[in-house]
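Its first residue numbered 1, the sequence shown is counted upward by one per residue in the working numbering.
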Amino acid sequence: MSTTHVDSHKDKMSLEALIRMKDTINSDKKLRWGVDHNKEFPPVGQLINAEIVQRDEHYYLEADYKPYDYREEVPWDNTLLMESFKEGYPFIEIDLEIPTETIVAVDPNSFISDKHYNLFLQETQALNYPFIGTEHLRKANASTPEIIFTVGQSAIIYHIIKPLAKKIGKKIADKAEKVLVEKGEDFYQFISRTIISAFSHGASSNRPPFVVFQINGIPNIELIAKTSDHDLIIKALKDNKLKAMIEEIDFYRSKFEIEKIQFILTTKGKWKFNYLLTPNGAVVGKKDSFKKRDRRLDIVLNMNDGKVYNSVGLSNSKKRT
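This is the structure in structure tokens:
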């Protein structure tokens with residue numbers, strides 16, 4: 001999975017970092033086994049039994065892959081599949097705590113150069129919007145350009161408080177709405193300008209960039225926009241577009257116990273359900289998503305003589321405020 005060698009990005013993992021990764025894999029919550037660091041693909045399984053071995057004066061982190069044991073169609077919807085384990089564990093990626101400030105994560109290796117990465121940091125800091133910046137190191141040879149927003153309390157409060165304020169009374173509602181609308185518009189402006197900056201300084205790729213919004217809680221909600229069209233993204237985050245998505249989440253919660261649910265933005269600006277994760281590690285999703293994942297996994301295996309070059313949803317984050 002990882003070693004203390006200098007990698008192709010000129011980075012080097014420390015033994016202490018490998019030990020932390022080992023302990024994470026061997027915990028009660030498991031890392032996903034994914035394909036190509038592609039967030040829209042359902043997981044292939046989980047990683048277990050990690051250990052560190054020493055060879056040729058270097059340390060190697062090794063782990064076993066645990067693929068899903070069962071695949072079945074969902075009886076009440078012929079567009080859905082479910083994959084599950086005989087004995088499954090929750091995924092470690094689930095986070096219930098909503099951060100106070102919005103967190104912005106990027107992979108520095110997906111920028112044209114260190115200079116362009118530093119320019120991106122300077123431009124986002126100059127926006128004077130409170131956020132926490134992190135590095136999301138995916139360690140892939142051909143990662144899709146990606147920026148991840150973990151939405152903070154100050155950004156989502158408008159959508160939560162506005163309907164509650166209206167129930168209390170019109171005067172309170174009007175006053176709350178004025179303040180909260182201003183906060184909301186500040187957030188939208190920050191998103192737009194951050195997206196523009198990230199992809200203007202990003203390395204060219206034949207894949208569309210990913211803009212990801214993570215909303216922690218029960219369940220975790222993940223929104224993926226495969227576009228650099230910031231106007232399309234902002235419109236999709238308005239109340240009328242989110243209402244239909246929330247109703248769909250309520251429907252799936254009536255059918256499954258959900259820890260995480262993911263939606264993908266269509267070219268028409270609507271959020272389309274992709275897959276969900278349950279507390280025992282099962283995944284339920286659209287058949288098309290499983291088909292794309294399986295086809296890509298076959299390509300990766302054939303390219304590497306049957307060796308599994310995977311992605312595991314693990315990052316070595318460095319925070320910047």
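Idealized CB from N, CA, C, for every residue including glycine.
DSSP three-state assignment for residue i, whether helix, strand or coil
{"i": "A105", "result": "strand"}
{"i": "E87", "result": "coil"}
{"i": "M21", "result": "helix"}
{"i": "H5", "result": "coil"}
{"i": "I161", "result": "Unreliable positioning characterises I161 in this predicted model, as indicated by a pLDDT of 47, which lies under 50. A coordinate reading is not provided."}
{"i": "A173", "result": "Caution is warranted here: a pLDDT of 45 is assigned to A173, below 50, making its placement in the model unreliable, and no coordinate value can be reported."}
{"i": "R295", "result": "helix"}
{"i": "V35", "result": "coil"}
{"i": "K167", "result": "With a pLDDT of only 44 at K167, under the threshold of 50, the placement of this residue in the model should not be trusted, and no figure is reported."}
{"i": "R253", "result": "helix"}
{"i": "R55", "result": "strand"}
{"i": "E16", "result": "helix"}
{"i": "Y188", "result": "helix"}
{"i": "M231", "result": "The sequence given here places Asp at residue 231; Met does not occur at that position. The answer is helix: DSSP assigns D231 an H, G or I state."}
{"i": "A126", "result": "coil"}
{"i": "N240", "result": "helix"}
{"i": "E247", "result": "helix"}
Exposed unless 16 or more other CB atoms sit within 10 angstroms - verdict on residue i
{"i": "W33", "result": "buried"}
{"i": "V6", "result": "exposed"}
{"i": "W76", "result": "exposed"}
{"i": "V179", "result": "Per-residue confidence for V179 stands at a pLDDT of 49, beneath the threshold of 50, marking its modelled position as unreliable; the derived number appears in the next sentence. It counts as exposed."}
{"i": "V212", "result": "buried"}
{"i": "T194", "result": "buried"}
{"i": "N109", "result": "buried"}
{"i": "P145", "result": "buried"}
Neighbourhood of residue i by C-beta, 6 Å cutoff - its chain only, sequence neighbours within 5 removed
{"i": "F131", "result": "E101, T102 and V104"}
{"i": "K260", "result": "I94, P219, N220 and L277"}
Identity of the residues DSSP links to residue i by a beta bridge
{"i": "W271", "result": "L265"}
{"i": "K82", "result": "A quick correction: the sequence has Met, not Lys, at residue 82. Its beta-bridge partners are E72 and V284."}
{"i": "G202", "result": "F111"}
{"i": "K260", "result": "N220 and L277"}
{"i": "G45", "result": "W33 and P67"}
{"i": "F149", "result": "V104 and F213"}
{"i": "D61", "result": "Residue identity check: residue 61 is Leu in the sequence provided, not Asp. Paired residues: S2 and I52."}
{"i": "A225", "result": "V211"}
{"i": "D77", "result": "V74"}
Among the options, nearest to residue i - alpha-carbon criterion
{"i": "L242", "options": "K260, L265 and T124", "result": "L265"}
{"i": "F210", "options": "F256, F149 and Q189", "result": "F149"}
{"i": "T3", "options": "E40, I19 and Y59", "result": "Y59"}
{"i": "E135", "options": "E257, D107, H116 and F120", "result": "D107"}
{"i": "D294", "options": "G45, L15, R20 and S27", "result": "G45"}
{"i": "G40", "options": "D298, M303, V283 and N302", "result": "First, the residue type needs correcting, since residue 40 is Glu and not Gly in the sequence shown. Checking every option, the nearest Cα to that of E40 belongs to V283."}
{"i": "Y129", "options": "F190, E87 and K86", "result": "F190"}
{"i": "P279", "options": "E83, F263 and I258", "result": "I258"}
{"i": "N240", "options": "F263, E123 and W271", "result": "W271"}
{"i": "Q153", "options": "Q122, G133, P145 and F187", "result": "F187"}
Cutoff 7 Å; reference residue i; Cβ partners in own chain excluding five residues on either side
{"i": "E97", "result": "N216"}
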